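Inspection log for the structure reproduced underneath, given as structure tokens.
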Amino acid sequence: GEDVEQSLFLSVREGDSSVINCTYTDSSSTYLYWYKQEPGAGLQLLTYIFSNMDMKQDQRLTVLLNKKDKHLSLRIADTQTGDSAIYFCAEYNRGGGNKLTFGTGTQLKVEL
Amino acid sequence: GAGVSQTPSNKVTEKGKYVELRCDPISGHTALYWYRQSLGQGPEFLIYFQGTGAADDSGLPNDRFFAVRPEGSVSTLKIQRTERGDSAMYLCASSPSDRGGVLTFGAGSRLTVL
Chain X
1446 GEDVEQSLFL SVREGDSSVI NCTYTDSSST YLYWYKQEPG AGLQLLTYIF
1496 SNMDMKQDQR LTVLLNKKDK HLSLRIADTQ TGDSAIYFCA EYNRGGGNKL
1546 TFGTGTQLKV EL
Chain Y
235 GAGVSQTPSN KVTEKGKYVE LRCDPISGHT ALYWYRQSLG QGPEFLIYFQ
285 GTGAADDSGL PNDRFFAVRP EGSVSTLKIQ RTERGDSAMY LCASSPSDRG
335 GVLTFGAGSR LTVL
């Protein structure tokens, strides 16, 4: 079955790097995603990585994938107060019904 | 439209009542999803449409829940005989058919059952 787990809460100081971690169980996942949810808003896609990649960098965001350990991380460099939100990782399996399975979300709090 | 539009944004109803939640996806997006998000949880899949047909409704919790998309655009999620446990944020998302998990979400409809 599919199960995606994340730690619930992370607090960092403005300007520091944030690392949000995620573990998943479905070894046949083809893509893994990071979505951001701000209060009162819908989920917004941040970035994604194909399962045959180890790393993807997109401006301040770096995604690392350890497929052997089924571990995904999102690093945000130079974290700003505007990055405060809930971050969800999600897995997608093309053979699994064309749907995303989301984790429980990590609330990131950025302090001055 | 420019984004995914969901109405109403907020719905308060009494236990046992019938509720309809509407989703207007991005024009041209053939794939449409409904998710349910309870407080402190991640979104849980309910149903997926490809065009007019429900390609996967395995996430609907029971037969009180039903969704339609008659013309392949707007979708309505229907909940009969609402229960307090149905209280949640209901999220709709759409995608071009070949974009996998690249979804554009609406702001959601918050349902409260008293």
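Chains as they are written, first to last, in my numbering: chain X, 1446 to 1557; chain Y, 235 to 348. By construction, the Cβ of each residue, glycine as well, lies at the ideal position given by its N, Cα and C atoms. Remember, predicted model here, so these are calculated numbers, not experimental data.
Nearest-angstrom Cα separation, counted from residue j out to residue i
| i | j | result |
| --- | --- | --- |
| X:Gly-1446 | X:Ser-1462 | Confidence in X:Gly-1446 is poor, its pLDDT being 46 and thus under 50, which makes the residue's placement unreliable; the coordinate value appears in the next sentence. The straight-line gap from Cα to Cα measures roughly 33 Å. |
| X:Gln-1504 | X:Gln-1489 | 17 Å |
| Y:Ser-292 | X:Asp-1499 | 32 Å |
| Y:Ile-260 | X:Tyr-1469 | 30 Å |
| Y:Val-302 | X:Glu-1459 | 46 Å |
| Y:Ser-243 | Y:Gln-271 | 14 Å |
| Y:Asp-290 | X:Glu-1556 | 42 Å |
| X:Thr-1492 | Y:Glu-305 | 31 Å |
Backbone secondary structure at residue i - three-state DSSP
| i | result |
| --- | --- |
| Y:Thr-357 | Look at the range of chain Y in this structure, 235 to 348, and you will see that residue 357 of chain Y is not part of it. |
| X:Gly-1446 | Here the model assigns X:Gly-1446 a pLDDT of 46, short of 50, so the residue's position is not dependable, and the following value carries that caveat. DSSP places X:Gly-1446 in coil when its eight states are reduced to three. |
| Y:Arg-256 | strand |
| X:Asp-1528 | helix |
Integer-rounded CB distance, given that residue j should sit under 8 Å from residue i
| i | j | result |
| --- | --- | --- |
| X:Ser-1474 | X:Glu-1536 | 4 Å |
| Y:Gln-240 | Y:Gly-340 | 4 Å |
Range of the contiguous beta strand (DSSP E) that encloses residue i
| i | result |
| --- | --- |
| X:Lys-1554 | 1551-1556 |
| Y:Arg-270 | 265-271 |
| Y:Gln-275 | No beta strand (DSSP E) holds Y:Gln-275; DSSP gives it neither H nor E. |
| Y:Met-323 | 322-329 |
| X:Arg-1458 | 1454-1458 |
| X:Met-1500 | 1500-1503 |
| X:Gln-1489 | 1488-1495 |
| Y:Gly-287 | 287-290 |
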